[in-house]
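Input: a single structure, listed below in structure tokens.
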């Protein structure tokens, strides 16, 4: 199984039944990541419900000082974040990245090496960076 990091005190992570979470895959949640049932997540997949750092250089500088000088965790107060929902029966291919605010619909497939920046409709195959619809799948 990969790594689950809840990086903010109120972050939530939920995973359904019969899911596969590949080696070296990571969930980095500061708000909420929900994964449905029968979801296959291949190896080296990154799922991030946040931007990791603020766009404001002053906040990044303050975080760096807190982490390196005071050994405090990053402050996610100024970091944009939005929940991720991965519905039932989804397959996410190897080395893909799922970014904040995305819902991946039931039965969808994300091809390997894709970067998902927008919602994926149910029973849809997407691929690329950014991920685009390749075709509809049979429900």
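In this note's numbering, the protein residues as written are 4 to 142. Just so you know, even glycine gets a beta-carbon here, dropped at the ideal spot from N, CA and C. All figures in this text were calculated on a predicted structure; none of them were measured in a lab.
Query raised in the report: If you drop the 5 nearest sequence neighbours on each side, which residues of the same chain put their C-beta closer than 7 angstroms to that of residue 52?
Result: 32, 33, 34, 35, 36, 84, 85, 86, 87, 103
Within 9 angstroms, strictly: CB atoms of residue 115 and residue 134: No. Outside cutoff.
### Message
Output needed for residue 18: all residues of its chain with C-beta closer than 6 angstroms, excluding positions within five of it in sequence on either side, in chain order.
### Response
The answer, listed in chain order, is 38.
Do residue 46 and residue 27 have their C-beta atoms closer together than 9 angstroms?
yes
Practice item. Look up residue 49 in the DSSP assignment and say whether it is helix, strand or coil. Key: DSSP places residue 49 in the strand class (E or B) of the three-state scheme.
Note to self: Quick check on DSSP: helix, strand or coil for residue 6?
What the structure shows: strand
Which parts of the segment 27–112 are runs of the beta strand (DSSP E), unbroken and 3 residues or longer, counting only runs that do not cross its ends?
29–32, 35–38, 49–51, 87–89
| message | If you measure between the beta carbons of residue 108 and residue 123, is that distance less than 9 angstroms? | response | By the CB criterion at 9 angstroms, residue 108 and residue 123 fall inside the cutoff.
*Throw me the rounded Cβ distance for the residue 11 and residue 79 pair, which I believe falls under 8 angstroms.*
5 angstroms
Can you grab the Cα-Cα spacing for the pair residue 174 / residue 106, in whole Å?
Since the first residue shown for the chain is 4 and the last is 142, residue 174 is missing from the structure and cannot be characterised.
**OP:** Using alpha carbons as the reference points, say which of 130, 8, 41, 42 lies closest to residue 144.
**Re:** Because the chain in this structure spans residues 4 to 142, residue 144 falls outside the shown range and cannot be described.
message: Taking 6 angstroms as the limit between beta carbons, can you name the residues of its chain near residue 44, skipping five residues before and five after?
response: 24, 25, 28, 95
**OP:** Look at the alpha carbon of residue 159 and the alpha carbon of residue 7, and state the distance between them as a whole number of angstroms.
**Re:** The question about residue 159 has no answer here: the residues shown for the chain are numbered 4 through 142.
By the 10 Å Cβ neighbour count, where 16 or more other Cβ atoms means buried, how is residue 140 classified, buried or exposed?
exposed
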